[in-house]
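Notes follow the structure.
In the UniProt record's numbering, the protein residues as written are 1 to 316.
Following this line, the structure appears as structure tokens:
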């Protein structure tokens, strides 16, 4: 919590002095009471003593003043607000290297499961699209709130040859422009999440694609998925090493204002998706909450009056 007008807190100084004066008066009253030595007569004159209850109205009154002072200081807090027209496009690597078994059961199947879980956790109003890529990239599902269509498309994915990361970024950017009629002139807040395990092997360069995404102010968060020990078996019977290429994906994220992540297991990939979903699905806003302090102060004032009437038959 922060304060827009902290200068008002100086009013707490006289309040503190008031509390000190009250405590001093109560201490003096205690000394005077001890001088009254005839206890039997004291019981007849004042058979019922208010005890701790006599301090409640004073404490509530001071609490009221403190709450009102804090309210005048205009406290604010940060809240998470869903983004209007928020759009996310998942660029999913379906190259043959995703069949590597260094991630159980394979990189491809574990990535599918994580992507499905990610889609399920997105806010209902959140638009999501899918761009699978191998040797080329296509918009399989334009940004939509239809989670069923997105899930079906993810489940139907199959692997192919090549890795066109640059083409995937451009296709995902084009998918954002397909959101609605306003998208060309009033682009929605968008984010591309690109998952891959390899280097760009075909199509336009990653650098040129990054420039186009950055030009539209669309950050690309990348996930390097897999391990250095990944291998696949070719139809010829040969075994080929397919280590994950983190530096290329890190550079793509950095040049577009996105985040770079690494995941070596299906569980880690799901955690990465959760982090990305929570960051791009909402924006942080500061909201004033002085009304709550003023309301609490008024309620405390009412409590002060009620306890005084109930216990002492008078207002404080």
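Glycine included, C-beta positions come from ideal geometry on N, C-alpha and C.
Note that the structure is a prediction, hence the values are computed from the model and not measured.
Legend entry - residue 247: first and last residue of the uninterrupted alpha helix (DSSP H) it sits in: Taking the first residue of the chain shown as position 1, residue 247 is located at position 247. That run of the alpha helix (DSSP H) goes 246-256.
Inset, instruction - Determine the contact status of residue 71 and residue 290, defining contact as a CB-CB distance below 9 Å. - result: Here residue 71 refers to the residue found at position 71 of the chain shown. Here residue 290 refers to the residue found at position 290 of the chain shown. Cβ distance < 9 Å, so residue 71 and residue 290 count as in contact.
Inset, instruction - Go ahead and pull the three-state DSSP assignment for residue 317. - result: For residue 317 there is no data in the structure shown, the boundaries of the chain being 1 and 316.
Inset, instruction - With DSSP as the reference, label residue 102 as helix, strand or coil. - result: Taking the first residue of the chain shown as 1, we reach residue 102 at position 102. Reduced to three states, the DSSP call for residue 102 is coil.
Legend entry - Selection from 227, 222, 151 and 138 that minimises the alpha carbon distance to residue 251: Within the chain shown, residue 251 is the residue found at index 251, counting from 1. The residue with the shortest Cα to Cα distance from residue 251 is 222.
Legend entry - Where residue 25 falls, given that 16 or more other Cβ within 10 Å makes a residue buried: Taking the first residue of the chain shown as position 1, residue 25 is located at position 25. It is exposed - the Cβ of residue 25 has fewer than 16 other Cβ atoms within 10 Å.
Inset, instruction - Find out if the Cβ-Cβ distance for the pair residue 93, residue 241 is shorter than 9 Å. - result: As a position in the chain shown, residue 93 is number 93, starting the count at 1. As a position in the chain shown, residue 241 is number 241, starting the count at 1. Going by C-beta atoms, residue 93 is not nearer than 9 Å to residue 241.
Legend entry - Minimum length 4: unbroken alpha helix (DSSP H) runs contained in the region 150-238: 165-177 and 206-215
Legend entry - Residue range of the unbroken beta strand (DSSP E) whose run includes residue 120: Stepping through the chain shown from its first residue, residue 120 is reached at position 120. Run containing residue 120: none in the beta strand (DSSP E); it sits in the alpha helix (DSSP H), 107-121.
Legend entry - Short CB-CB distance (under 9 Å) between residue 145 and chain C: Here there is only one protein chain, and chain C is not present.
Inset, instruction - Answer yes or no: do residue 97 and residue 163 have a C-beta to C-beta separation smaller than 9 Å? - result: The count along the chain shown starts at 1 and reaches residue 97 at position 97. The count along the chain shown starts at 1 and reaches residue 163 at position 163. The answer is yes: Cβ separation under 9 Å.
Legend entry - Residue interval of the beta strand (DSSP E) (run including residue 141): Reading the chain shown from its first residue, position 141 is the one you call residue 141. Residue 141 -> beta strand (DSSP E) spans 141-144.
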